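Visitor:
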Amino acid sequence: MEFVNPFMLYGFAALLIPVLIHLFNFRRHKLLYFSNISLLKNLQEQTSRTNKLLHLLVLLCRLLVIAALVMAFARPFLPDENRLKPAKRNLVMVYVDNSLSMQARSEKSTLLDEAKLKATEIAASFNKEDKYIILTNDLNPAHERPMSGDEFIAEINKLNLSHFSRKLSQILGRTNTMRHEGYSQKVVFVLSDFQASTADLGNVASDTASHYFFVPLTAVKSNNVYVDSCWFESPLHHPGELAEMKARIVNDGSEEIKNLTVRLTVQDEQKAIANVDIAPASSAEVSLGFDLSEVGPAAGTFEITDYPVIFDDKLYFSFTVDQAIRVLEIYNSEANPWLKTLLEGDDQIAYESKQLKRLDFQGLKAYKLIILSGLETISGGLSQALTDFSRAGGSLVLVPAPAKVDMTVNALLSQYGMELAEKADTARSRVFSLLTEHPVFKGVFEKIPENADLPNVRKHYSIRNLKTADVQQLITMTNGSAFLAEGSNEAGKAYVFASALLPSWSDFYKNNLFVPVIYRLIFLSANEETLYHYLGTDAQVQIRTRAGHDEQVLHIRELDNDFDLIPLQNSYLGETSLTLNEAVEKPGFYKVTQENEPLAFLAMNDNREESKLNTLSRSQLEEQMKKAGIAKASLVERADIDQGRAFENLSSGTQLWKWFVVLSLIFLLIEGLLLRFWRK
Numbered sequence: 000m001e002f003v004n005p006f007m008l009y010g011f012a013a014l015l016i017p018v019l020i021h022l023f024n025f026r027r028h029k030l031l032y033f034s035n036i037s038l039l040k041n042l043q044e045q046t047s048r049t050n051k052l053l054h055l056l057v058l059l060c061r062l063l064v065i066a067a068l069v070m071a072f073a074r075p076f077l078p079d080e081n082r083l084k085p086a087k088r089n090l091v092m093v094y095v096d097n098s099l100s101m102q103a104r105s106e107k108s109t110l111l112d113e114a115k116l117k118a119t120e121i122a123a124s125f126n127k128e129d130k131y132i133i134l135t136n137d138l139n140p141a142h143e144r145p146m147s148g149d150e151f152i153a154e155i156n157k158l159n160l161s162h163f164s165r166k167l168s169q170i171l172g173r174t175n176t177m178r179h180e181g182y183s184q185k186v187v188f189v190l191s192d193f194q195a196s197t198a199d200l201g202n203v204a205s206d207t208a209s210h211y212f213f214v215p216l217t218a219v220k221s222n223n224v225y226v227d228s229c230w231f232e233s234p235l236h237h238p239g240e241l242a243e244m245k246a247r248i249v250n251d252g253s254e255e256i257k258n259l260t261v262r263l264t265v266q267d268e269q270k271a272i273a274n275v276d277i278a279p280a281s282s283a284e285v286s287l288g289f290d291l292s293e294v295g296p297a298a299g300t301f302e303i304t305d306y307p308v309i310f311d312d313k314l315y316f317s318f319t320v321d322q323a324i325r326v327l328e329i330y331n332s333e334a335n336p337w338l339k340t341l342l343e344g345d346d347q348i349a350y351e352s353k354q355l356k357r358l359d360f361q362g363l364k365a366y367k368l369i370i371l372s373g374l375e376t377i378s379g380g381l382s383q384a385l386t387d388f389s390r391a392g393g394s395l396v397l398v399p400a401p402a403k404v405d406m407t408v409n410a411l412l413s414q415y416g417m418e419l420a421e422k423a424d425t426a427r428s429r430v431f432s433l434l435t436e437h438p439v440f441k442g443v444f445e446k447i448p449e450n451a452d453l454p455n456v457r458k459h460y461s462i463r464n465l466k467t468a469d470v471q472q473l474i475t476m477t478n479g480s481a482f483l484a485e486g487s488n489e490a491g492k493a494y495v496f497a498s499a500l501l502p503s504w505s506d507f508y509k510n511n512l513f514v515p516v517i518y519r520l521i522f523l524s525a526n527e528e529t530l531y532h533y534l535g536t537d538a539q540v541q542i543r544t545r546a547g548h549d550e551q552v553l554h555i556r557e558l559d560n561d562f563d564l565i566p567l568q569n570s571y572l573g574e575t576s577l578t579l580n581e582a583v584e585k586p587g588f589y590k591v592t593q594e595n596e597p598l599a600f601l602a603m604n605d606n607r608e609e610s611k612l613n614t615l616s617r618s619q620l621e622e623q624m625k626k627a628g629i630a631k632a633s634l635v636e637r638a639d640i641d642q643g644r645a646f647e648n649l650s651s652g653t654q655l656w657k658w659f660v661v662l663s664l665i666f667l668l669i670e671g672l673l674l675r676f677w678r679k
């Protein structure tokens, strides 16, 4: 046992005071005369013995009270190997968790304000020669340099909430790499709410050079309701149509939420409103519809009202309203009449047909779906252009030529794990089954009757699975061969029919199956957009550029102010990859422009990991500290760093003074009970 104030042990001299009072407690006696005093003498002797015992017990209690108080003022402690040692020059690193979850409130203020107050109290407890480094979620280089106490306090007071969420292991990993030559010891304070989603102490690298002190800050109420995600029911957005959107609202608290209002706003106009009830620790989906009007990029929000954590009450999203899906049919001599009849004049589909010899390969990337209709050969240039088109997100549909299958056709199909037999199989067959769980048929048929009128097949090519990619039989014939197959890999996606679209090959062109299959292949080619991104986590975004303008620089501009960013960009096949990293720092809408022409909106949101306010308990923190294997780590209470006494408290091991205060009160209570009830 050691003492913070050993000079207070001189207070034990005060033990003489009650002893002296006890010894020199003179009392005056009054003389009384009795004829017979034997009975009185016996009573007096019994009373005297009882009083002596009482006085001794009271004296003992008073001595113990004084001794306990002296020990309390001397502040005894049990030495701890993790305690700070007095040093002339310390390097003190303070991590102030300024993530969005610190918006929650403690008893008097927000958790961030409390963390800032504790940080200033830490600085007040160290020497003037000590230097300080600030660590925050912003990873600001200006903070990560040694500074004086006054400068440290000034910078701490400037801290605001950060929109970037960090793992604790990432923050503490930076302390390991910071040099501390010239300092007696390195001290790291962690002021945080220790969210379960980010406090990964178990992944912190072992560090024997630093003293770590973890200070948990606790919110009074950890309930939170937030907009988690949203999506369209259909990936297609055309003007004049009714779009249906869904949003998931999460109740992260322990109380039921009644009649929570959810508002949908598109292009700064409120489109729909709904109320929802959410059970504790669960989520609910709300569906809202609105009319699509103008063609081009559009932006919207789902919004609720919740207090005190408000950063996640709004979810920004963006989408594009297309005039129509562009479809190209490439043919040798004549376009397929049934495809032309089906697709021409449809407002949702911009159908074009072009002869192979008049085809501009550079313009292929403007389409969503390309149908290779009866091509006998595919040149190397066209094959490369189609491969590039597919890699850029386009879909291919191949309808074989009736004459033969050339090796150049199979060279293209082999990229998707398929090839066609060179000669047609003339044995008659019939469509037997559909892969109904595939997206091509999902939602198309409620139930297929056993005697359904399915296409008859007179001739077909066998589709071989090369097993070099993911190949699925979407439509199967009675002989087990595929009538329609899909092949996909990192190069893209292709669909292959086994029969030519001719009456002499099959009656598929006039069967009830023809229309839904062709339309579903077209609609699936309209790739679903990424509606929103998260700050700090989505490092790259993909933007489709205007045809022939790949080399033009793209800008990212915030709608509400003068923010203008030229990000790192890489263009390939009509798409440009923009590297954001953490260049965009605030949630909201950003416009991507090319030569001042808007291409798309970017909807940036705060990371929803910060919305989950459940924190690690003290036992969980201690378990993770052990798992991390940090040699010098301690979990301390907020009170230990109050009133500028952090260094004094943390350099003295396990404090015992509180126990001695409790003992002194117990002995006082015993003395009072003796004096009150003994004689009774």
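Under numbering that gives the first Met the number 0, the first residue of the sequence shown is numbered 0, with each subsequent residue one higher. By construction, the Cβ of each residue, glycine as well, lies at the ideal position given by its N, Cα and C atoms. All of these numbers come straight from a predicted model, not from anything done at the bench.
Considering only the alpha carbon of each residue, which of Cys229, Ala323 and Asp112 lies closest to Ala218?
Guide: Asp112
Visitor: For the beta strand (DSSP E) containing Pro296, list its first residue and its last residue.
Guide: Gly295 to Glu302
Visitor: Taking only heavy atoms of the ligand MN into account, decide whether any of them is closer than 7 Å to the Cβ of Ser168.
Guide: With respect to the ligand MN, the structure shown offers nothing to examine, as it has no ligands at all.
Visitor: Any chance you could list the beta strand (DSSP E) runs of at least 3 consecutive residues sitting entirely within the region 44-76, in chain order?
Guide: none
Visitor: At what residues does the beta strand (DSSP E) containing Val285 begin and finish?
Guide: Ser281 to Asp290
Visitor: Please classify Phe2: does DSSP put it in a helix, a strand, or coil?
Guide: strand
Visitor: Would Ala118 pass as a contact of Thr109 if the rule is Cβ separation under 8 Å?
Guide: Against a cut-off of 8 Å, the Cβ pair of Thr109 and Ala118 comes out as no contact.
Visitor: Go ahead and pull the three-state DSSP assignment for Phe125.
Guide: coil
Visitor: Could you check what DSSP says for Val456 in three-state terms: helix, strand or coil?
Guide: Reduced to three states, the DSSP call for Val456 is strand.
Visitor: Tell me the rounded alpha-carbon separation between Asp312 and Tyr225.
Guide: The C-alpha of Asp312 lies about 5 Å from the C-alpha of Tyr225.
Visitor: Helix, strand or coil for Tyr494 per DSSP?
Guide: Correct three-state label for Tyr494: strand.
Visitor: Quick one: give me the first and last residue of the alpha helix (DSSP H) that Thr176 is part of.
Guide: Leu167 to Thr176
Visitor: What separation, rounded to the nearest whole angstrom, lies between the Cα atoms of Ala410 and Thr467?
Guide: 13 Å
Visitor: By Cβ distance below 8 Å, which residues in the same chain neighbour Glu240 in space, the five residues on each side in sequence not counted?
Guide: Asp290 and Leu291
Visitor: Quick one: residues in its chain with C-beta nearer than 6 Å to the C-beta of Lys458, no 5 flanking neighbours on either side, listed in chain order?
Guide: Ala423, Thr425 and Trp504
Visitor: What three-state label does DSSP hand Ala349 in the structure shown?
Guide: Ala349: strand per DSSP, three-state reduction.
Visitor: Would DSSP call Trp656 helix, strand or coil?
Guide: helix
Visitor: How is the alpha helix (DSSP H) around Gly393 delimited, first residue to last?
Guide: First-last for Gly393: undefined, no H or E at that position.
Visitor: Tell me whether Tyr225 sits in a helix, a strand or coil according to DSSP, three-state version.
Guide: Strand, per DSSP.
Visitor: Assuming Pro399 and Tyr460 make a contact with CB atoms under 8 Å, what is their CB distance in whole Å?
Guide: 6 Å
Visitor: Within 10 Å of its beta-carbon, does Leu483 have 16 or more other beta-carbons around it, so buried, or fewer, so exposed?
Guide: buried
Visitor: Just verifying my parser: in three-state terms, what is the DSSP assignment at Pro515?
Guide: helix
Visitor: Leaving out five residues on either side along the sequence, give the residues of the same chain with a beta carbon under 7 Å from the beta carbon of Pro566.
Guide: Ile555, Leu577, Thr578, Leu579 and Ala582
Visitor: Between Leu56 and Met0, what straight-line distance do the alpha-carbon atoms span, to the nearest angstrom?
Guide: 28 Å
Visitor: Is Trp677 buried or exposed, if buried means 16 or more other CB atoms sit within 10 Å of its CB?
Guide: Result: exposed.
Visitor: Can you say whether Thr174 is buried or exposed, counting buried as having 16 or more other CB atoms within 10 angstroms of its CB?
Guide: Buried, by the Cβ-count rule.
Visitor: Extract the residue ranges of the alpha helix (DSSP H) inside the region 406-453, only unbroken runs of 4 or more that lie entirely within it.
Guide: 406-412
Visitor: Based on the DSSP secondary-structure assignment, which residues constitute the bridge partners of Met92?
Guide: DSSP output for Met92 lists Ile132 and Val187 as bridge partner(s).
Visitor: Contact check, Ser394 vs Leu523 under 8 Å by CB: the rounded distance?
Guide: 7 Å
Visitor: Using a Cβ-Cβ cut-off of 8 Å (strictly less than) and excluding sequence neighbours within five positions of Leu553, which residues of its own chain qualify?
Guide: Ile542, Thr544, Ile565, Pro566, Gln568, Thr575, Leu577, Val591, Thr592, Gln593 and Leu598
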